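In the numbering used here, the protein residues as written are 197 to 582.
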């Protein structure tokens, strides 16, 4: 099939899990013989090399739209993304006479472009909903931007011919929240490429190092991890913690670190490229995914693929990945005492840690390869094209 994927983030520009998902899926589809073009936004991280506006990467054509936008109200994400979507639609001119069989939009951030391009090309629109604004706010919708984003999410799922969700939890949430027929929503999980995360060259034993990463937002639960580390500093001598990522909750999280008195052992590392993150993971005693709300949790698969014992909150899609597999440990979301106990168990019991590594490797191989997920996604595309 010929596919145009729309994503507001794509490597090397990475904010959350969408970039990793689209990258893994697109490359797997290209390996399967499909023609894949990704439309995304051009970004330039300070201190990094510039990225081409139009290039082939592992068989995938990646076309990036400029983000120099006209003046917009500060902090108005909806207005900024609506404007950026015009730039994404303009990328269609670069394809000449080439036309896709389907447009695949990833989340509300590219909803406008998805709807416009499906009309321009007269092809079906498939939407993957990676998370919902209602879910991020614990089932409630505060007025203002959250309510506006929810409306765009609803509109996207209505305009799409088929909708994809990454977990049973998200299938239920999307079907109920947006009043969709059950036949329209398809379960296709996230995946991981073990080859990208396998650690080589490290023969040193793991350190008493706890690692977490992702978008630094309240619902990601990093504040729970900070409380757990404060509790553990006397129980686990030499314990340290690295939290990598950026987001609007960083100032509050830094304040909590200061108040808890763990500034010397908790490092907010900011944005960390995957190559550096893999280096950190090579020394990690465990990986923590402390989310209060998590539709899937691709970072859990990445931690497992890197061979780090992984502890996740028993919530949403995270619980579905780990529960009943012995590939990781679960703790009650928001309960820093329970999390502290699980971290203590992994850092002090090598038998448990070794068993988690072995079971995690088998789980990823059996259930979460990108090639299998690409096959399932193409099946949804074929349904949309009938």
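The C-beta atom is built at its ideal place from N, Cα and C for all residues, glycine as well. The structure presented is a predicted model; accordingly, all values stated were derived computationally and were not measured.
Pairwise C-alpha distance: residue j and residue i
i, j, result
"residue 333", "residue 345", "12 Å"
"residue 217", "residue 386", "6 Å"
"residue 200", "residue 512", "29 Å"
"residue 478", "residue 557", "15 Å"
"residue 551", "residue 486", "21 Å"
"residue 202", "residue 470", "22 Å"
"residue 430", "residue 342", "41 Å"
"residue 305", "residue 275", "11 Å"
"residue 582", "residue 495", "35 Å"
"residue 339", "residue 347", "12 Å"
"residue 383", "residue 472", "32 Å"
"residue 484", "residue 569", "25 Å"
"residue 611", "residue 576", "The chain is shown from 197 up to 582; residue 611 falls before or after that span and cannot be answered."
"residue 381", "residue 434", "48 Å"
"residue 336", "residue 374", "14 Å"
"residue 245", "residue 219", "19 Å"
Pair within 7 Å by beta-carbon distance, residue i and residue j
i, j, result
"residue 198", "residue 236", "no"
"residue 537", "residue 528", "no"
"residue 462", "residue 425", "yes"
"residue 443", "residue 411", "yes"
"residue 539", "residue 501", "no"
"residue 493", "residue 404", "no"
"residue 589", "residue 255", "In this structure the chain extends from 197 to 582, so residue 589 is not present and cannot be described."
"residue 329", "residue 580", "no"
"residue 370", "residue 361", "yes"
"residue 525", "residue 510", "no"
Own chain, CB closer than 7 Å to residue i, minus 5 neighbours either side, in chain order
i, result
"residue 319", "296, 297, 298, 299"
"residue 498", "388, 393"
"residue 365", "491, 512, 513, 516"
"residue 503", "395, 553"
"residue 446", "412, 464"
Nonlocal neighbours in the same chain, by C-beta distance under 6 Å from residue i, ignoring five residues either side
i, result
"residue 215", "205, 206, 207"
"residue 209", "239"
"residue 543", "404, 432, 481"
"residue 310", "202, 299, 301, 321"
Alpha helix (DSSP H) segment containing residue i, residue limits
i, result
"residue 546", "546-563"
"residue 577", "566-581"
"residue 372", "364-373"
"residue 498", "494-501"
"residue 217", "213-227"
"residue 427", "418-428"
"residue 246", "Unbroken run through residue 246: none, as it is neither H nor E."
"residue 290", "First-last for residue 290: undefined, no H or E at that position."
"residue 330", "329-332"
Where the beta strand (DSSP E) containing residue i begins and where it ends
i, result
"residue 455", "No beta strand (DSSP E) holds residue 455; the alpha helix (DSSP H) holding it covers 446-456."
"residue 302", "298-302"
"residue 294", "First-last for residue 294: undefined, no H or E at that position."
"residue 409", "405-409"
Residue from the options with nearest C-alpha to residue i
i, options, result
"residue 324", "496, 578, 573, 582", "573"
"residue 368", "311, 341, 407, 326", "326"
"residue 400", "331, 251, 475", "475"
"residue 212", "371, 568, 576, 468", "468"
"residue 352", "363, 339, 321", "321"
"residue 415", "455, 489, 234", "489"
"residue 555", "374, 354, 505", "505"
"residue 233", "262, 520, 278, 294", "294"
"residue 372", "402, 391, 331", "331"
"residue 291", "565, 257, 525, 521", "257"
"residue 402", "315, 518, 549", "549"
Beta-carbon contacts of residue i that lie in its chain and below 8 Å, excluding the five residues immediately before and after
i, result
"residue 449", "412, 418, 419, 422, 439, 464"
"residue 312", "281, 285"
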